[in-house]
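Residues 801 to 968 in my numbering are what the sequence shown spells out, letter by letter. Note sheet for the following structure.
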Amino acid sequence: SVEGLQLSSVGSNVFEFTSNATTTGNLLFINAVTVTDFEITNLSVKDAGWDVSAASWSILGGLATYDDANDNHAMLQVDGQMLASIATEKVYRAVFTTDATPTTAALAIKNAAEDVVYLAQDDYTDDTHTRYFTTPADVSGAGIAFVAYQSGDAFDLDDVSLKEVTFP
């Protein structure tokens, strides 16, 4: 059965829906006018399985906020597809948006166990950032952690996307 229909146009489109925890759903894209093939690039699906039990992190309305009260604390993606799907010795593209006005977002990106650094500590300006990294052969825990690491760096984190990259 069709629960909803959202029309799109050429360019960027955002489709939002909520799936109940007790149901399984399918997302179907069709070209209803010409019934011809079309291409979707940069498909991102938000996973609600982020662990925000760490001090200083919260998620409200899909926006993650770090309040800077406790440094070196991480927000972890520890369940759902991301936990099982991060493989060793693969190239990944991480895309995320930071807003830390008037400071910068001081972040490192690690595996969920926080013992393997994917992207070293860096200061991110208010913007959307795209970074590439390769997972090592000895990752001890899958998943991903955004680790805030210095005082004075309260920030918002939004639009997180992680994709395996395959080069021809």
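Glycine included, C-beta positions come from ideal geometry on N, C-alpha and C. Only a predicted model underlies this, so the values are computations on that prediction, with no experimental measurement involved.
* Asked: Which class does Q881 belong to by DSSP, given the choice of helix, strand or coil?
  -> The predicted position of Q881 is uncertain, since its pLDDT is 49 and thus under 50; no value can be drawn from it.
* Asked: V939 to E964, Cα distance in whole Å?
  -> If you take the alpha carbons of V939 and E964, they lie about 16 Å apart.
* To do: Just confirm the distance between the C-beta atoms of A900 and A855, as a whole number of angstroms; I'd bet it's less than 8 Å.
  => A900 to A855, Cβ: 18 Å. No contact.
* Asked: Is the CB-CB distance between A874 and V947 below 8 Å?
  -> yes
* When the Cα atoms are used, what is the spatial distance from Q881 to Y924? -> Because Q881 sits at a pLDDT of 49, beneath the cut-off of 50, its placement in the model cannot be relied upon, and the following sentence gives the value as read from the coordinates. If you take the alpha carbons of Q881 and Y924, they lie about 27 Å apart.
* Near S951, which residues of its chain fall below 7 Å by C-beta distance, leaving aside the five closest residues on each side in sequence? -> D868, D871
* Asked: Excluding five sequence neighbours on each side, which residues of the same chain lie with their C-beta closer than 8 Å to the C-beta of F933?
  -> Cβ neighbours of F933 beyond the five flanking positions: V891, Y892, A894, I909, Y918, L919.
* **Own chain residues within Cβ distance below 6 Å of V960, not counting five before or after** => F896
* To do: From the DSSP output, in three-state form, read off E964 for me.
  => strand
* Which parts of the segment 859–945 are runs of the beta strand (DSSP E), unbroken and 3 residues or longer, counting only runs that do not cross its ends? -> Qualifying beta strand (DSSP E) stretches, in chain order: 863–866, 873–877, 891–899, 905–910, 917–924, 927–934.
* Excluding five sequence neighbours on each side, which residues of the same chain lie with their C-beta closer than 6 Å to the C-beta of A945? -> A874, L876, K910, A912, E914
* On the premise that Y866 lies in contact with L957, defined as a C-beta separation below 8 Å, what is that separation, rounded to the nearest angstrom? -> 7 Å
* Contact check, D926 vs T898, beta carbons under 8 Å -> yes
* Closer than 8 Å by C-beta to T903: which residues in its own chain qualify, once you throw out the five before and the five after it? Chain order, please. => Hits under 8 Å: G952, D953, A954, F955.
* To do: Report the residue from Y949, H929, R931, V916 whose alpha carbon sits nearest the alpha carbon of A937.
  => Ranking Y949, H929, R931, V916 by Cα distance to A937 puts V916 first.
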